[in-house]
Amino acid sequence: MDAPVVVITGASSGIGEATARLLAAQGARLVLGARRADRLAALAAELGGDVRTLATDVRSRADVAALVDLAVTAFGRLDVVVANAGAAHVGPLDEQPVEAWDEMIDVNLRGVLHAVAAALPVFRAQSAGHLISIVSTSGLRIVPDQVVYAATKNAVRTLCEGLRQEAGPHLRVTAISPGFTATEFVDAVPDPTRRREYREQMDRIAMPPDAIARAVAYAMAQPPTVDVGEIVVRPTAQN
Ligand SMILES: NC(=O)c1ccc[n+]([C@@H]2O[C@H](COP(=O)([O-])OP(=O)(O)OC[C@H]3O[C@@H](n4cnc5c(N)ncnc54)[C@H](OP(=O)(O)O)[C@@H]3O)[C@@H](O)[C@H]2O)c1
């Protein structure tokens, strides 16, 4: 694909940022969304080249539509959407506030649906397009404390498979399941003891986020008629 136009949600840190860095180095034209616009602006300045940014809350359908519109307005097309923005609240169901469940549903599931709603008409008009969703190994090996998080990720896995079946011959749909990845994700663990435990485990076994960026690049790099459905990437030390 020649200088693909790629929208990345959640590009202000972690896997989204690493993906932006790798794809920029490979010559992609990027449209980066997240809530922390200052981080996006700093990243765009560092990357140079064809990078646009927009303050985006994926819980807002209008925000995600504006992000996709920006890609089409700036670059005339949209080749790939990397639906990466995610929220994780860990802890037992007994202890989690319902608001935490709501946030995970709104960001992890509804946010991806907003991307589908915005991008699908563009993909259909082009007879080409690729949705890449970042799901999680939490949905493959169900463990305590990540129940609602895993449920939202598996809902997206189901969405991807359903979209793949509806997509026809021109659209590609990929779900990438990262295992434990060293990002800012652990900062969101509310309980300080659990946060410390997760951080220690992250320091011990987590893989760098560019491991997932390379999986994104691999899925994109296949010929247009080859659809990489699922990729699972774990640190070797992860159960
Ligand atoms: N780290 C892991 O071990 C791991 C494992 C499996 C899957 N994942 C998945 O990987 C994806 C990226 O997470 P990460 O590990 O890279 O963590 P991260 O460094 O915390 O990045 C999360 C990104 O999501 C964005 N985000 C959160 N809420 C948002 C919202 N409402 N609207 C727009 N953007 C929002 C954040 O940006 P702003 O705060 O600036 O909005 C940030 O850019 C997530 O989907 C996560 O579920 C991570």
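Using this note's numbering, read the sequence shown as starting at 4 and increasing by one per residue.
By construction, the Cβ of each residue, glycine as well, lies at the ideal position given by its N, Cα and C atoms.
Predicted model, so just to flag it, every value in this text is computed and none were measured.
{"Asked": "Enclosing alpha helix (DSSP H) for leucine 73 [first to last residue]", "Found": "64-78"}
{"Asked": "Contiguous beta strand (DSSP E) assignments of at least 3 residues, all confined to the stretch 142-224", "Found": "174-181"}
{"Asked": "Opposing strand residues paired with alanine 86 [DSSP bridges]", "Found": "Ser136"}
{"Asked": "Reduced DSSP category for alanine 37 - H, G, I as helix; E, B as strand; rest coil", "Found": "strand"}
{"Asked": "Local conformation of arginine 32 per DSSP, three classes", "Found": "strand"}
{"Asked": "Where isoleucine 18 falls, given that 16 or more other Cβ within 10 Å makes a residue buried", "Found": "buried"}
{"Asked": "Distance, isoleucine 108 Cα to valine 231 Cα", "Found": "26 Å"}
{"Asked": "Heavy atom of ligand 1 within 7 Å of glutamate 203 beta-carbon", "Found": "no"}
{"Asked": "Any non-hydrogen atom of ligand 1 within 7 Å of aspartate 206 CB", "Found": "no"}
{"Asked": "Alanine 122: first and last residue of the uninterrupted beta strand (DSSP E) it sits in", "Found": "It is not in any beta strand (DSSP E) - alanine 122 instead sits in the alpha helix (DSSP H) that spans 114-129."}
{"Asked": "Simplified DSSP state of alanine 3, which is helix, strand or coil", "Found": "Nothing about residue 3 can be reported from this structure: the residues present for the chain run from 4 to 242 only."}
{"Asked": "Cβ separation of alanine 23 and leucine 33, assumed to be a contact under 8 Å, to the nearest whole Å", "Found": "6 Å"}
{"Asked": "Sub-8 Å separation of glycine 36 and alanine 6 beta-carbons", "Found": "no"}
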